[in-house]
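In the UniProt record's numbering, the protein residues as written are 1 to 529. Glycine included, C-beta positions come from ideal geometry on N, C-alpha and C. As the structure is a prediction and not an experimental result, all values here were calculated from the model.
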Amino acid sequence: MEKMMRFQYKPVRRQEAIVGLFVLLFPVLLPCFFASFSHASPSTFLEWNVPKPRHLRLLTSALQRESSNGEPTDLWAPLADQGWRPCFGGSVNPPREWQTMRFLSFALPQKSEGYLQVFLDGGLNQQRMGICDAVAVAKILNATLVIPYLEVNPVWQDSSSFMDIFDVDHFINVMKDDISIVKELPDDFSWSTREYYATAIRPTRIKRAPVHASANWYLENVLPVLQSNGIAAISPFSHRLSFDNLPSEIQKLRCQVNFKALVFVPHIRALGDALVHRLRYPPTESPPLITNDLTGTTDRNVKQMPQKFVVVHLRFDKDMAAHSACDFGGGKAEKLALAKYRQRIWGGRVLNSQFTDEELRSQGRCPLTPEEIGLLLAALGFDNSTRLYLASHKVYGGEARISTLRELFPKMENKKSLASSEERVLIKGKASLLAAVDYYVGMHSDIFVSASPGNMHNALVGHRTFENMKTIRPNMPLLGQLFLNKNITWSEFRQAVVEGHINRQGQLRLRKPKQSIYTYPAPDCMCQV
1 MEKMMRFQYK
11 PVRRQEAIVG
21 LFVLLFPVLL
31 PCFFASFSHA
41 SPSTFLEWNV
51 PKPRHLRLLT
61 SALQRESSNG
71 EPTDLWAPLA
81 DQGWRPCFGG
91 SVNPPREWQT
101 MRFLSFALPQ
111 KSEGYLQVFL
121 DGGLNQQRMG
131 ICDAVAVAKI
141 LNATLVIPYL
151 EVNPVWQDSS
161 SFMDIFDVDH
171 FINVMKDDIS
181 IVKELPDDFS
191 WSTREYYATA
201 IRPTRIKRAP
211 VHASANWYLE
221 NVLPVLQSNG
231 IAAISPFSHR
241 LSFDNLPSEI
251 QKLRCQVNFK
261 ALVFVPHIRA
271 LGDALVHRLR
281 YPPTESPPLI
291 TNDLTGTTDR
301 NVKQMPQKFV
311 VVHLRFDKDM
321 AAHSACDFGG
331 GKAEKLALAK
341 YRQRIWGGRV
351 LNSQFTDEEL
361 RSQGRCPLTP
371 EEIGLLLAAL
381 GFDNSTRLYL
391 ASHKVYGGEA
401 RISTLRELFP
411 KMENKKSLAS
421 SEERVLIKGK
431 ASLLAAVDYY
441 VGMHSDIFVS
451 ASPGNMHNAL
461 VGHRTFENMK
471 TIRPNMPLLG
481 QLFLNKNITW
491 SEFRQAVVEG
501 HINRQGQLRL
511 RKPKQSIYTY
521 PAPDCMCQV
């Protein structure tokens with residue numbers, strides 16, 4: 001295996017911060033240069049102009065902040081015990097009286113009603129939730145679940161299957177006492193394929209399952225199909241099971257799948273472990289460690305103290321930017337391009353497009369830009385010595401859009417900077433596998449923060465809540481209003497940010513009706529001590 005990569009970082013002093021700010025403003029000061037450049041490379045600036053900092057006053061102050069001599073205790077301290085535990089094994093040991101507790105009060109049925117197929121669309125985390133729901137529905141119907149089929153996402157164009165992402169043998173083994181699962185259909189049902197259902201109306205396909213359907217709906221509408229044909233295929237299936245009015249055993253079963261049965265395939269875990277190791281033990285700050293494999297093990301004892309790091313999930317792709325209908329400072333060209341994209345993908349049916357940018361921001365409905373997430377972290381007290389891992393796929397605007405965040409946090413890393421192309425060959429160009437690596441690193445970070453709500457945010461917030469790990473939830477309405485105030489000083493901004501996030505750093509919140517069990521696992525899947 002390859003030697004660990006060597007990086008060289010230089011601390012950002014006050015004068016260097018000013019130089020960095022000049023670099024950011026260079027395109028603004030000399031637009032003619034970039035205009036001529038855009039003629040030479042039309043694809044580079046086809047949809048947007050080089051965005052200038054939108055919060056220059058705050059950015060200037062943030063870049064001049066001093067590095068701390070040590071890590072602030074209040075920022076990096078783990079969450080205190082909140083008096084809740086997972087209701088089954090996991091990394092947190094339950095009290096002795098819970099150790100014999102079983103999830104379900106009813107055993108695996110001796111005879112299955114038939115085979116249940118589900119077809120899941122969306123990205124990795126939407127599909128992950130769909131898999132959990134599929135297990136629950138199979139239990140409700142006493143059906144044998146066929147490993148779910150993952151549709152090709154029209155945005156990411158990733159054809160990765162369940163077995164490409166998740167350890168299928170582990171999945172089946174963990175669930176073996178609760179439901180029967182098969183990797184593929186027997187020969188008698190081999191005709192039941194994605195292509196078969198795409199060509200005509202089929203009696204075994206359930207096409208109109210309502211969003212958040214009740215258990216009774218499945219018993220009344222899907223069970224008869226199973227009993228008559230020996231198989232039922234539900235497509236589409238995402239978000240097709242209610243979060244309310246279900247037996248507690250079914251709710252716990254969903255969490256068992258999500259937090260225990262679904263683990264990534266070994267090569268994703270190995271790459272994730274290597275990235276985490278390199279974030280904990282940066283090579284430039286000690287003699288380089290020679291790795292034997294992707295797990296990050298070395299030929300000598302590691303005496304260096306592990307460093308802490310923050311994972312920032314930045315979903316700022318074209319899809320997100322367009323759907324938000326917000327203004328991100330790219331000028332008229334960007335606005336026109338995103339409007340055209342909205343029309344092409346959603347036919348103009350985007351609720352946010354009815355509101356002005358100011359209205360959307362004051363309501364907290366605009367995703368944070370890289371600049372804004374950087375200012376949030378700086379205001380909370382993270383300085384330019386903080387190690388950041390950027391979890392993202394494609395950032396709309398590329399490196400130019402990220403440059404402000406990088407100036408604020410020069411020790412920012414991602415998959416490409418931490419791992420060689422050879423180490424990344426198995427995940428290259430595969431959005432679901434790339435997201436899986438980011439998810440894995442996010443679950444091993446000291447702190448996780450997401451720049452916008454979404455499936456990755458929801459999944460990691462729920463999983464880290466389950467494990468009692470610190471997670472910063474940006475106060476989007478507050479931040480929107482603060483960023484609209486162009487006269488606010490850095491001290492005023494920082495005070496408002498700190499006060500507005502005191503209770504948004506991983507404190508457990510109980511699930512309310514209609515809320516997702518995957519984002520709020522308590523009290524359904526957690527027990528109070």
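Residue i classed as buried or exposed, judged by whether at least 16 other C-beta atoms fall within 10 angstroms
i, result
"V135", "buried"
"E499", "exposed"
"P27", "Any answer about P27 is weak, because its pLDDT of 44 lies below 50 and its placement is not dependable; what the coordinates show is given next. With 16 or more other Cβ atoms within 10 Å, it is buried."
"L219", "exposed"
"T199", "exposed"
"A322", "buried"
"S420", "exposed"
"Y520", "buried"
"Q495", "exposed"
"I517", "buried"
"G330", "buried"
"residue 616", "Nothing can be reported for residue 616: it is not among the residues displayed for the chain, which extend from 1 to 529."
"A325", "buried"
Closer than 8 Å to chain D by CB, residue i
i, result
"L241", "Protein chains in the displayed structure number just one, and chain D is not present."
Candidates the options: closest to residue i by CA position
i, options, result
"I345", "P51, V155, P78", "V155"
"L253", "M129, P51, N485", "M129"
"I502", "F483, M456, D74", "D74"
"F259", "F189, M175, R280, Q307", "M175"
"A270", "Y518, N487, Y440, V449", "Y440"
"H170", "P266, G442, A333, F493", "P266"
"L314", "Q481, L145, F448, R509", "F448"
"F466", "F355, P186, C527, L408", "C527"
"Q127", "A435, T144, H393", "A435"
"C87", "S491, S248, Q343", "S248"
Enclosing beta strand (DSSP E) for residue i [first to last residue]
i, result
"Y389", "387-391"
"Q363", "Note, Q363: premise wrong, no beta strand (DSSP E); not H, not E."
"I144", "What sits at residue 144 in the sequence shown is Thr, not Ile. Counting along the chain, the beta strand (DSSP E) containing T144 begins and ends at 144-146."
"C527", "526-528"
"W84", "84-86"
"Q354", "Segment: none, Q354 is in no beta strand (DSSP E) and carries neither H nor E."
"S450", "447-450"
"L116", "115-120"
"F309", "309-313"
Contacting residues, own chain, Cβ-Cβ under 6 Å from residue i (five flanking each side not counted)
i, result
"G506", "L79, K470, T471"
"I234", "V118, I206, A209"
"G122", "S238"
"H444", "V276"
Whole-angstrom distance between residue j and residue i, CA atom to CA atom
i, j, result
"S238", "L124", "12 Å"
"W84", "R511", "14 Å"
"V497", "A379", "6 Å"
"Q227", "G114", "7 Å"
"V168", "F162", "8 Å"
"A62", "L375", "7 Å"
"G348", "N475", "28 Å"
"E359", "V257", "40 Å"
Close beta carbons around residue i, own chain, < 8 Å, minus the five adjacent residues each side
i, result
"I140", "A215, Y218, L219, I250"
"M320", "P367, Y396, S452, G454"
Own chain residues within Cβ distance below 7 Å of residue i, not counting five before or after
i, result
"S159", "V152"
"P53", "L24, L59, E371, T404"
"A213", "R240, L241, S242"
"K318", "Y341, Y396"
"T204", "S192, V225, N229, I231, A232, A233"
Residue range of the unbroken alpha helix (DSSP H) whose run includes residue i
i, result
"A325", "Here A325 belongs to no alpha helix (DSSP H), and DSSP marks it neither H nor E."
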